[in-house]
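Trainee:
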Amino acid sequence: MPSPGRPIGGGLDGPLRDLPQQQVAPAEPALERRRGRRRPPPSHPQNRVAPAQPALEQAAGHHAVRFGASLSLHPPAEQWALVRRIEELGFESIWTGDHVSFYLPLYESLTLLASYASITTRLRLGTAVYLLALRQPAIVAKITSTLDALSTGRLIFGVGVGGENPKEFEASGVPHRERGARVDEGIEVVRTLWRDTAATFKGRFTSFEGVSIDPKPAQPGGPPIWV
1 MPSPGRPIGG GLDGPLRDLP QQQVAPAEPA LERRRGRRRP PPSHPQNRVA
51 PAQPALEQAA GHHAVRFGAS LSLHPPAEQW ALVRRIEELG FESIWTGDHV
101 SFYLPLYESL TLLASYASIT TRLRLGTAVY LLALRQPAIV AKITSTLDAL
151 STGRLIFGVG VGGENPKEFE ASGVPHRERG ARVDEGIEVV RTLWRDTAAT
201 FKGRFTSFEG VSIDPKPAQP GGPPIWV
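Quick note, the sequence shown lines up with residues 1 to 227 if you use this note's numbering.
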C-alpha cells in the first residue's frame, strides 16, 4: 500500500515505466461458457480485487496505476474509517460484493455504496458484482439512478449472473436456470429507463410503455455497466 505522503499516479521506476498503455478486460462470469469449468465468482465477498479498470493510463507523461478496494465484510464504523482513509491515500474506487443470502453476513450492496457516497467526494463507487437477476430491473434502474445522482456521477454498475447459491434464487422467486436471460434483459431495461423519457420496452420478463424514471443519472446515458 502506498504511503500517505506519496500520491497515486506518480512516475514509476523500473520496467513498468516502459510498458505501453493497455486495457484489462472486465471480470469473466462465474460460470464459463465451456462446460465443466468454473472460476471463482466475482460476486464472492472475499474477492478483494476490484473489477478491472484500465490498468495503465498516460498521466502527465508518465504511467499511472489505478487502485480499488473492497471492505464490505468489515463492521460499519470500521468500513467508514477505512473508506475515508482510502480516499485520502488516492485510491480510485471502492467496491462491494452482492448477495441476497450468503454464508457470511453481507450488507445490501447499493445501500452500502450510498453510505460511502455520503462520506467521500471523489472515490468511484462500484458493485462487484450486482446480481441483477434477483431483482425487478425497473426498481434497480430507480435505485441506481438515484445513487448516481446523489454521488455526482460516481457509480460503476458491475453486473453478473451469480448462481453459486441457488437458495437465494429460490428465496427471490427466480428460477436458477433463467438467471442469464434475466440479466441480459435486465441490463437493457435499466439502460432504457436511465436514458429515455416516456420509455417503452417489451421483453420476455418485463414490458412497459410510456414510463419515466426521474431524476436521471448524473452520468449521461447512465453509469458504465461492467459485465
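Glycine is no exception: its CB is placed at the ideal position from the N, C-alpha and C atoms.
Of the residues TRP80, PRO76, PHE102, ASP184, which one's Cα is nearest the Cα of PHE169?
Mentor: Locating residue 169 in the sequence shown gives position 169, counting from the first residue. Among TRP80, PRO76, PHE102, ASP184, the Cα nearest to that of PHE169 is on PHE102.
Trainee: Out of PHE157, ARG135, LEU134, which one is the CA nearest neighbour of SER145?
Mentor: As a first step, residue 145 must be located in the sequence shown, where it is residue number 145. The shortest C-alpha separation from SER145 is found at PHE157.
Trainee: Taking the beta carbon of THR197 as the centre, do at least 16 other beta carbons fall within 10 Å, making it buried, or is it exposed?
Mentor: As a position in the sequence shown, residue 197 is number 197, starting the count at 1. Exposed, since its Cβ has fewer than 16 Cβ neighbours within 10 Å.
Trainee: Indicate the three-state DSSP secondary structure (helix, strand or coil) for ALA171 in the structure shown.
Mentor: Along the sequence shown, read from residue 1 onward, the residue named residue 171 stands at position 171. DSSP places ALA171 in helix when its eight states are reduced to three.
Trainee: Please list, in chain order, all residues of the same chain as PRO223 whose beta carbon is under 7 Å from its beta carbon, the five residues on each side excluded.
Mentor: Walking along the sequence shown from the start, residue 223 turns up at place 223. Only THR144, ASP148, LEU155, ILE156, PHE157, PRO217 meet the Cβ criterion.
Trainee: Measure the C-alpha to C-alpha separation of VAL100 and ALA133 and round it to an integer number of angstroms.
Mentor: Translated into the one-based positions of the sequence shown, residue 100 becomes position 100. Translated into the one-based positions of the sequence shown, residue 133 becomes position 133. Spanning the two alpha carbons is a distance of roughly 11 Å.
Trainee: Starting from LEU134 and walking both ways along the alpha helix (DSSP H), at which residues does that stretch end?
Mentor: As a first step, residue 134 is located in the sequence shown; it is residue number 134 there, counting from the start. Run containing LEU134: none; DSSP gives neither H nor E here.
Trainee: Cβ of SER109 within 8 Å of Cβ of GLY68?
Mentor: If you number the sequence shown from 1, residue 109 lands on position 109. If you number the sequence shown from 1, residue 68 lands on position 68. Cβ atoms of SER109 and GLY68: not closer than 8 Å.
Trainee: With a threshold of 6 Å on Cβ separation, who are the neighbours of GLY294 within its own chain once the five nearest residues in sequence on each side are excluded?
Mentor: Only positions 1 to 227 of the chain appear in the structure, and residue 294 is not among them; the question remains open.
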